[in-house]
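Residue numbers (the working numbering): 1 to 180.
Here you go:
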């Protein structure tokens, strides 16, 4: 067996059990390890190749932003300040109305979209204007209409907000993708 110096690093794979060779036949010389380490550091320090740096003054013409046409100025401060409470019904919203006569009866559940005038068309009642009302007030209004038309004596009415109307915003200009 060859002797191995204390300061040398060796890779010693296990030989097959029937092999006459011993482990550590080829030591890794410290100089070779140092060269590999320096090569790795040098390659990692090089980094990526840097191309030409552009500023707004020397930017190629094909990279300039396109001119936009038909741009409308929108005052967004009105959107920021005009918040609608969560339980207030507005035009375009979708509400669900559940009506039951008592404990033993099953509730009838219908879905309605609030029209442009703020009204919904209820079966057996007709049009009711619920736009601008809070959900509990709309419940009370529907309950009163059902009792006044003698459809129910003391109905349980639950109005829930199913979907808020979406507000569309069009984005144009120096953006990745123009559109609505």
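Backbone N, C-alpha and C define an ideal beta-carbon position, used for all residues, glycine too.
- Residue range 108–113 is occupied by the beta strand (DSSP E) that includes residue 113.
- For the 8 Å CB-CB criterion, residue 147 and residue 138 do not form a contact.
- Taking a C-beta distance under 8 Å as the contact criterion, residue 96 and residue 160 qualify as a contact pair.
- The closest CA to that of residue 88, considering only 136, 119, 168, 140, is found on 136.
- Rounded to whole angstroms, the separation of the alpha carbons of residue 53 and residue 59 is 9 Å.
- Taking the Cβ atoms as the reference, residue 172 lies roughly 6 Å from residue 71, within the contact range of under 8 Å.
- Nearest Cα to residue 133 within the set 108, 93, 151: 93.
- DSSP, reduced to helix, strand and coil, places residue 156 within a strand of the structure shown.
- Residue 114 places its beta carbon less than 8 Å from that of residue 90.
- Beta-bridge annotation (DSSP): residue 96 is paired with 111, 160.
- A direct Cα-to-Cα measurement between residue 65 and residue 174 gives close to 6 Å.
- Residue 55 and residue 42 have their C-alpha atoms some 31 Å from each other.
- Taking each of 164, 111, 100, 104 in turn and checking the Cα distance to residue 152, the smallest one comes out for 100.
- Here the alpha carbon of residue 116 sits roughly 12 Å from the alpha carbon of residue 165.
- About 6 Å separates the beta carbons of residue 162 and residue 111, which is inside the 8 Å limit, making them a contact pair.
- In the displayed model, residue 171 falls within a strand according to three-state DSSP.
- The three-state reading of DSSP puts residue 177 in coil, since its state is none of H, G, I, E or B.
- By DSSP's assignment, residue 89 forms no beta bridge with any residue.
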